[in-house]
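Data first, discussion second: the structure below is written as structure tokens.
Protein chains: 2
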Amino acid sequence: MYNLDMEKVRAIVSEIVGKRTVDTIAYVGCGASKADLYPAKYFLTNVAKKLRAAHYTANEFVNDTPDWLGEHSVIITASLGGTTPETVKANEIAKSAGAAVVSLTHTQDSPLDKSSDYTILHGFGESYATMQHKMGYALALAVEFLQQTEGYGKYDHMIDGLNRVFEASDRAAASCRGQAKLFAEKYKDAPVIYVMSSGASAEVAYSTSICLMMEMQWMNSGSFHTGEFFHGPFEIVDKDVPFILLMNDGKTRPVDARALTFLHRFDALTTVVDTKDYSLGSVVPADVITYFNPIFHSAVFRVFAEELAEARRHPLSLRRYMWKLDY
Amino acid sequence: MYNLDMEKVRAIVSEIVGKRTVDTIAYVGCGASKADLYPAKYFLTNVAKKLRAAHYTANEFVNDTPDWLGEHSVIITASLGGTTPETVKANEIAKSAGAAVVSLTHTQDSPLDKSSDYTILHGFGESYATMQHKMGYALALAVEFLQQTEGYGKYDHMIDGLNRVFEASDRAAASCRGQAKLFAEKYKDAPVIYVMSSGASAEVAYSTSICLMMEMQWMNSGSFHTGEFFHGPFEIVDKDVPFILLMNDGKTRPVDARALTFLHRFDALTTVVDTKDYSLGSVVPADVITYFNPIFHSAVFRVFAEELAEARRHPLSLRRYMWKLDY
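Chains as they are written, first to last, in the numbering used here: chain A, 5 to 331; chain B, 5 to 331.
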């Protein structure tokens with residue numbers, strides 16, 4: 005119920021690496037689906053000794069298609085509904101160049117499903133855990149491609165983590181409702197709200213800003229890496245400017261902690277979602293914990309977004325433009 | 005006066021590739037210096053068939069140092085004053101791992117200069133062109149590493165472009181003062197301002213937002229890729245929300261054009277800085293024009309920022325925190 009179909013992931017990767025030498029893995033999507041692919045790209049960029057990893061918003065991949073695209077490439081695309089036109093087009097371009105195409109979607113027989121070589125159908129609204137399955141499958145594919153090409157010393161730890169993180173993320177989400185209500189009450193009328201994080205969670209901050217805040221709440225927002233906070237954004241810190249810090253357990257925690265210390269020093273309006281408070285460390289092995297933060301951050305902050313929507317009487321599904329007109 | 009010292013770039017690259025097989029080039033910096041390294045990273049990620057390219061904010065590289073770092077890596081770092089502690093630390097980590105370290109700085113004998121294997125001292129405030137030299141040297145190093153390792157079919161065109169783009173960027177900057185004044189008058193009291201671009205200029209949008217707006221003007225701001233505009237941010241479009249579009253000539257122009265069409269359709273407050281209006285195409289070869297957009301965008305928008313500072317009576321050098329306290 006909570007876990008990924010790792011047999012399917014393994015089988016897809018085995019079949020692809022059985023047929024070709026893989027030198028590059030590129031993740032391609034749009035908006036939240038692009039952001040959900042980032043932890044996998046972060047993992048590969050950080051640990052692969054030979055494999056190359058890349059990450060594109062789909063329309064850039066379509067219009068400025070990389071020179072290396074070909075039979076040694078694997079393109080992994082994602083779209084919840086499977087209809088995002090530029091991501092479907094990315095599948096077509098990748099296939100016609102001879103690349104292997106793996107797609108992640110919630111929707112069987114969607115254009116994305118039909119235009120891929122392999123499709124993994126993932127859960128979504130069934131639970132806070134299944135909402136993270138798109139992100140999880142992208143990471144599982146990265147781990148498996150790495151293991152089946154050049155090998156990875158911490159492979160077993162990553163698999164342990166993948167087998168335990170989802171149910172735990174559901175528990176984390178269930179436990180934060182009270183804090184989420186306090187957050188929502190406090191910031192429902194905020195004129196702007198900033199979001200920051202680091203490491204594998206950097207694009208959870210990004211999607212929280214562009215999707216949950218701008219798209220779903222029509223609230224002004226910006227996002228940045230906590231490591232960048234001191235190189236520009238921190239000059240905006242003032243008593244009435246709210247910041248959300250998605251704080252990581254693992255390697256980049258000192259980067260986040262430095263930003264938090266500054267925010268506290270100047271009494272900034274600060275909301276911290278710290279995976280340590282949700283005991284991520286008791287669930288996944290310490291030497292790979294960095295890569296599992298985004299699954300917890302994303303599950304927990306979904307509850308914060310729901311409460312914000314409730315407090316503002318602005319449903320998360322309300323749109324001005326999307327679903328209403330062609331563009 | 006306007007041009008880079010390409011002999012120096014060539015000599016550094018020759019010496020490095022003469023001593024080791026290079027498999028990975030990583031660019032490391034903070035804030036505007038990180039953003040200035042992005043065009044080089046974009047170029048390599050797009051065209052290299054074998055070389056791997058990466059891009060880090062320095063404190064992430066320091067705390068979550070990649071597993072592959074070693075004698076086959078080249079780390080290229082940048083810091084204008086050469087004192088950014090996390091970038092200096094990145095140099096030390098890279099050197100002790102056996103990597104070759106090339107640093108870009110304006111300041112001789114700075115900690116960054118002293119901790120590198122090779123330093124390129126670049127110009128800065130002498131002209132709008134020299135302000136782009138940090139970005140230019142990062143790109144020139146990418147081109148030269150690519151040529152001297154795996155070769156690059158459009159090498160001569162890139163060199164042509166590098167030899168012509170800087171003087172032209174100075175002319176572009178000189179020609180936009182009138183438009184910049186209109187922009188400044190119109191938006192000096194804006195409560196928030198968004199910036200977007202694509203391709204090699206994606207992080208010019210980012211640094212315009214976090215440095216010129218947030219850091220130097222204490223204005224609320226966010227930035228995103230024009231390809232992502234339709235997957236979240238566009239729901240914030242309303243008659244009173246201003247957008248700056250740094251429009252590219254080259255491969256990603258259709259991505260930018262789609263966003264512009266939408267902004268016009270809904271009468272959004274839109275400022276366009278289009279490199280086509282500044283005749284970038286008459287200066288650099290068409291088949292590599294994509295990579296030269298950020299040099300024009302950055303030179304021209306600097307003038308816009310100066311006029312904004314003037315209209316708001318808020319000098320670009322004013323800070324609340326930077327230079328005033330330790331953090």
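Even glycine gets a Cβ: it sits at the ideal position worked out from N, Cα and C.
Please read all numbers here as calculations on a predicted model, not as lab measurements.
Residues of the segment 228-259 of chain B with a C-beta less than 7 angstroms from any C-beta of chain A: 228, 229, 231, 232, 234, 235, 236, 237, 238, 239, 240, 255, 256, 258, 259, listed in chain order. At least one C-beta of chain A is nearer than 8 angstroms to the C-beta of residue 324/B. The DSSP-derived three-state label of residue 22/B is helix. Around residue 49/B, the beta-carbon contacts reaching into chain A at under 8 angstroms are 58, 70. DSSP, read as helix, strand or coil, puts residue 212/B in helix.
Interface annotation for the segment 64-94 of chain B against chain A: 64, 67, 68, 70, 71, 72, criterion Cβ-Cβ distance under 7 angstroms.
In this structure, the beta-carbon distance from residue 37/B to residue 84/B falls below 8 angstroms. Taken through DSSP and simplified to helix, strand or coil, residue 276/B comes out as strand. The DSSP-derived three-state label of residue 37/A is helix. Fully contained in the segment 169-215 of chain B are the following alpha helix (DSSP H) runs of length 4 or more, in chain order: 181-191, 206-211. Contact fails between the segment 314-326 of chain A and the segment 41-48 of chain B, because fewer than three Cβ pairs, one in each stretch, are under 8 angstroms apart. The C-beta distance from residue 40/B to residue 82/B rounds to 6 angstroms, short enough to meet the 8 angstroms contact threshold.
Look at the beta carbons and you see the segment 128-136 of chain B not touching the segment 254-269 of chain B: under three pairs across the two are nearer than 8 angstroms. Rounded to whole angstroms, residue 80/B and residue 112/A show a C-alpha spacing of 45 angstroms. In its chain, beyond the 5 residues on either side, 287, 288 have a beta carbon closer than 8 angstroms to the beta carbon of residue 168/B. Beta-carbon to beta-carbon, residue 132/B and residue 177/B are separated by about 4 angstroms, close enough to satisfy the 8 angstroms threshold. When the Cα atoms are used, residue 304/A and residue 191/A turn out to be separated by approximately 17 angstroms. Annotation: Cβ neighbours of residue 34/A in chain B (cutoff 8 angstroms, chain order): 231, 232, 234, 235. Between the segment 142-160 of chain B and the segment 273-280 of chain B there are fewer than three inter-stretch CB-CB distances shorter than 8 angstroms, so the stretches are not counted as touching. Using a Cβ-Cβ cut-off of 8 angstroms, residue 194/B does not count as an interface residue toward chain A, since no Cβ of chain A sits closer than that to its own. Within the segment 108-147 of chain A, complete beta strand (DSSP E) segments of at least 3 residues are found at 122-125, given in chain order.
Residue 69/B sits in coil when the DSSP states are folded into three classes, being neither helix nor strand. For chain B, none of the residues of the segment 270-282 of chain A brings a beta carbon within less than 7 angstroms of one of its beta carbons. Residue 257/B is classed as buried because its beta carbon has at least 16 other beta carbons within 10 Å across all chains shown.
Annotated three-state conformation of residue 100/B is helix, per DSSP. Listed by position along chain A, the residues whose Cβ is nearer than 9 angstroms to that of residue 219/B are 235, 236, 237, 238, 239, 240. Residue 275/A and residue 180/A have their alpha carbons spaced roughly 13 angstroms apart. In this chain, the alpha helix (DSSP H) harbouring residue 265/B covers 257-269. In this structure residue 71/B is exposed. Its beta-carbon is surrounded by fewer than 16 other beta-carbon atoms within 10 angstroms. Contact between the segment 292-304 of chain B and the segment 242-262 of chain B is present: three or more C-beta pairs spanning the two stretches fall below 8 angstroms. Residue burial annotation: residue 160/B is exposed, with fewer than 16 other C-beta atoms found within 10 angstroms of its C-beta. With respect to the C-alpha of residue 218/B, the residue from 205/A, 216/A, 232/A having the closest C-alpha is 232/A.
Secondary structure at residue 316/A: helix, using DSSP grouped into helix, strand and coil. Looking at the DSSP output, residue 228/A sits in a beta bridge with 200/A.
Going by C-alpha positions, residue 35/B is about 42 angstroms away from residue 15/A. Residue 105/B is bridged by DSSP to 79/B.
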